[in-house]
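Position one of the sequence shown corresponds to residue -11 (the numbering used here), numbered consecutively onward. Where is the CB? At the ideal position from N, CA and C, for every residue including glycine. Note that the coordinates shown come from a computational prediction; the quantities given were computed from them, not determined experimentally. Please read the structure below before turning to the comments.
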Amino acid sequence: MTEVVIVSEIRVGLIGAGSIAQVAHIPNLKNLGVPIVAVADAVEERAKQIAQQHGIPHAYGDYRQLLKRDDVDAVIVSTPTSTHYPIVTAALKSGKHVLCEKPPAMNDREAEKMAELAEQQKLVLMYALQMRYRNDARAVKKLVEQGEFGEVYFGRALYIRRRGAPGGWFSRKELSGGGPLLDIGVHVIDLTWWLMGKPKPVSAAGFTFQKIGAKGLRLDRGWQPADVREKLEQEVVYDVEDYAGGFIRFENGAVLLFEVSWQINDKDRWGSTICGTKAGASLPPLELYTEVLGEQATVNLRVDEGNAYLEEIREFITCVKEGRKPLTDAYDGVTVMKMLTALYRSAEQGREVPIK
Ligand SMILES: NC(=O)c1ccc[n+]([C@@H]2O[C@H](COP(=O)([O-])OP(=O)(O)OC[C@H]3O[C@@H](n4cnc5c(N)ncnc54)[C@H](O)[C@@H]3O)[C@@H](O)[C@H]2O)c1
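This is the structure:
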């Protein structure tokens, strides 16, 4: 990464002007004073409206027009998962640094090709796995690195929504690649794996259910993609899982156990837990399971979550400026996609499968 050209003032283009771009990326770019030069969205009217609302000089209905601009140094890709690979590939080929939304891709092969291309092009490719930018997560990571937990041999990742399927393209497999495992599982599995010290995954066992499906959809609440919010969605398609569970085994003998759901008759909750030979921790809220004066103690550390979306953008811009590898870099995206792809393969085959 040392040969990356250092650009003094990074100018950004947005590809995808839907919900996450509007809720997180545009406000945070503005907070950090990063100029947004252009926006592109397949719904051209949306691109134009967002451009007008935020004083963005150029708007396009075709992202390739945006990529032709010499005054765009870096792009943020916030489009449906099936478009990540073609858009990120085109962006890297046109010399732009990329921050791409999660999940990185439809599968591990796409993620691998994108990481290799970014390396060849000597450009930053970062994924929006923003859980790692939370203050509480960083506090645990620091303690793990200081050896406070001893050997970390077990992790648990949970993201249970009782009813929380976003609908729209999210529940269409050809556009999303999968349901809650790819949508929210990617966040908690990545966070827990990172806290565990990023051990090398060797096998995975997963199972999925689709028992509630389209009849449980509540499109009037929860996360709404732009087409649902603007009532442009014509037809409800729901051909992904409602729930996924399973575990991943690592080369060092450690195991990560997880459960994720968009729809299940269970309690809403989410969190990440890691357990080591000397201590353990979970968040949120941030708790340490340790010993004080030889007795078991639960310590509540007063660290709030902070603004992970803002820190994610700061990391991206800093890495582009300094030619540094981001915390959530392209190859971590590959490993995460290897785990998720193997979990789906395992669920299909009904047995534990190797990860290469
Ligand atoms: N990091 C997070 O916490 C988080 C939260 C929500 C969504 N996301 C991710 O962000 C991405 C977008 O999700 P969203 O909820 O904003 O969806 P959305 O549907 O609201 O927005 C996607 C936008 O992309 C546009 N689009 C589709 N195909 C395009 C193309 N080929 N070229 C240009 N624009 C195109 C759509 O018209 C839409 O405006 C997804 O990858 C999703 O998983 C991340």
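Sequence-distant residues of its chain with Cβ nearer than 6 Å to residue i (five each side left out)
{"i": "GLU(-9)", "result": "Low confidence applies here, because GLU(-9) scores a pLDDT of 45, under 50, leaving its location unreliable and the question unanswered by this model."}
{"i": "LEU180", "result": "The question names Leu, but residue 180 in the sequence shown is Thr. Excluding sequence neighbours, THR180 sits near GLY143, ALA145, LEU244, SER260."}
{"i": "CYS263", "result": "PHE142"}
{"i": "CYS307", "result": "VAL112, PRO314"}
{"i": "TRP211", "result": "PRO154"}
{"i": "MET(-11)", "result": "Unreliable placement is indicated for MET(-11), whose pLDDT of 45 sits below 50; the coordinate value is still reported in the next sentence. If we look at MET(-11) and ignore the five residues flanking it on each side, its Cβ neighbours are GLY311, LYS313."}
{"i": "PRO45", "result": "none"}
{"i": "LEU54", "result": "GLY1, ALA26, ALA28, TYR48"}
{"i": "ALA335", "result": "GLY194, PHE195, THR196"}
{"i": "GLU221", "result": "GLY156, ASP215"}
{"i": "LEU207", "result": "GLY155, VAL216"}
{"i": "ILE236", "result": "PRO189, ALA192, LEU244, MET327"}
{"i": "TYR226", "result": "SER159, GLY201, ALA202"}
{"i": "LEU163", "result": "PRO68, SER70, TRP157"}
{"i": "GLN198", "result": "GLU229, ASP230"}
{"i": "GLU100", "result": "VAL322"}
{"i": "GLY338", "result": "none"}
Supposed close pair residue i, residue j - CB separation, criterion 8 Å
{"i": "VAL27", "j": "ALA39", "result": "5 Å"}
{"i": "VAL60", "j": "LYS84", "result": "6 Å"}
{"i": "ILE14", "j": "ILE24", "result": "7 Å"}
{"i": "THR69", "j": "PRO91", "result": "6 Å"}
{"i": "VAL287", "j": "GLU300", "result": "Going by Cβ atoms, the distance from VAL287 to GLU300 rounds to 28 Å, so no, they are not a contact pair."}
{"i": "ALA192", "j": "GLU340", "result": "7 Å"}
{"i": "GLY185", "j": "THR265", "result": "Between THR265 and GLY185 the Cβ distance is about 13 Å, and since that is not below 8 Å, they are no contact."}
{"i": "GLY167", "j": "ASP215", "result": "About 18 Å; that fails the 8 Å criterion."}
{"i": "GLY268", "j": "ASN123", "result": "Incorrect: roughly 19 Å between the Cβ atoms, too far for contact."}
{"i": "TRP258", "j": "VAL176", "result": "7 Å"}
{"i": "MET102", "j": "GLY165", "result": "With 8 Å as the limit, MET102 and GLY165 do not qualify as a contact, their Cβ atoms being about 14 Å apart."}
{"i": "LEU205", "j": "VAL224", "result": "7 Å"}
Which residues DSSP lists as bridging residue i, in chain order
{"i": "ASN288", "result": "GLU275"}
{"i": "ILE236", "result": "ALA192, LEU244"}
{"i": "PHE197", "result": "TYR231"}
{"i": "THR261", "result": "ARG144, SER270"}
{"i": "GLN251", "result": "ARG151"}
{"i": "ALA28", "result": "ILE3, TYR48"}
{"i": "VAL280", "result": "GLU283"}
{"i": "TYR115", "result": "CYS88"}
Chain-order list of residues whose beta-carbon lies under 8 Å from that of residue i (same chain, five-residue window excluded)
{"i": "ASP256", "result": "ILE148, ARG149, ARG150, GLY152"}
{"i": "LEU169", "result": "GLY194, THR196, GLU229, ALA232, VAL248, LEU328, LEU331, TYR332"}
{"i": "ALA127", "result": "LEU274, LEU289, VAL291"}
{"i": "GLU107", "result": "ALA318"}
{"i": "ILE(-6)", "result": "Any reading at ILE(-6) must be qualified, since the residue scores a pLDDT of 44, below 50, and its modelled position is unreliable; the value itself is stated next. Closer than 8 Å at the Cβ level, and outside the excluded window around ILE(-6), lie LYS309, GLU310, GLY311."}
{"i": "ASP320", "result": "TYR115, LEU117, ASP178, TRP182, LYS186"}
{"i": "GLU98", "result": "HIS72, TYR73, PRO92, MET325"}
{"i": "PRO342", "result": "VAL190, SER191, ALA330"}
{"i": "ARG57", "result": "GLY1, VAL25, ALA26, HIS46"}
Cβ shell of residue i (< 7 Å), same chain only, five flanking positions each side left out
{"i": "ILE(-2)", "result": "VAL22, ASP61, ALA62, ILE305, VAL308, LYS309"}
{"i": "GLN41", "result": "none"}
{"i": "ARG52", "result": "ALA78"}
{"i": "GLN118", "result": "ALA296, TYR297, GLU300"}
{"i": "GLU239", "result": "PRO187, LYS188, VAL190"}
{"i": "ASN16", "result": "TYR297, LEU298, ILE301"}
{"i": "TYR395", "result": "Outside the modelled stretch of the chain, which goes from -11 to 344, sits residue 395, for which no answer is possible."}
{"i": "ILE345", "result": "As displayed, the chain neither begins before -11 nor continues past 344, which places residue 345 out of reach and without an answer."}
{"i": "ARG34", "result": "ALA5, ALA214"}
{"i": "ILE252", "result": "ILE148, ARG150, ASP230, TYR231"}
{"i": "LEU105", "result": "THR77, LEU80"}
{"i": "GLU279", "result": "ALA285"}
{"i": "SER270", "result": "GLY259, SER260, THR261"}
{"i": "ASN19", "result": "LEU298"}
Check your understanding: When a residue counts only if its C-beta is closer than 5 Å to some heavy atom of ligand 1, which residues count, in chain order?
Key -> Taken from the N-terminal end onward, the list reads GLY4, GLY6, SER7, ILE8, ASP29, ALA30, VAL31, TYR51, SER66, THR67, THR71, GLU89, ALA116, PRO213, ALA214.
Practice item. Enumerate, from N- to C-terminal direction, the unbroken beta strand (DSSP E) stretches of 3 or more residues contained entirely within the segment 43 to 93. Key: Whole beta strand (DSSP E) segments, 3+ residues: 46 to 48, 62 to 65, 85 to 88.
Exercise for review: Note down, one range per segment and in chain order, each alpha helix (DSSP H) of at least 4 residues found wholly within the segment 303 to 344.
Suggested key: Listed in chain order, they are 318 to 337.
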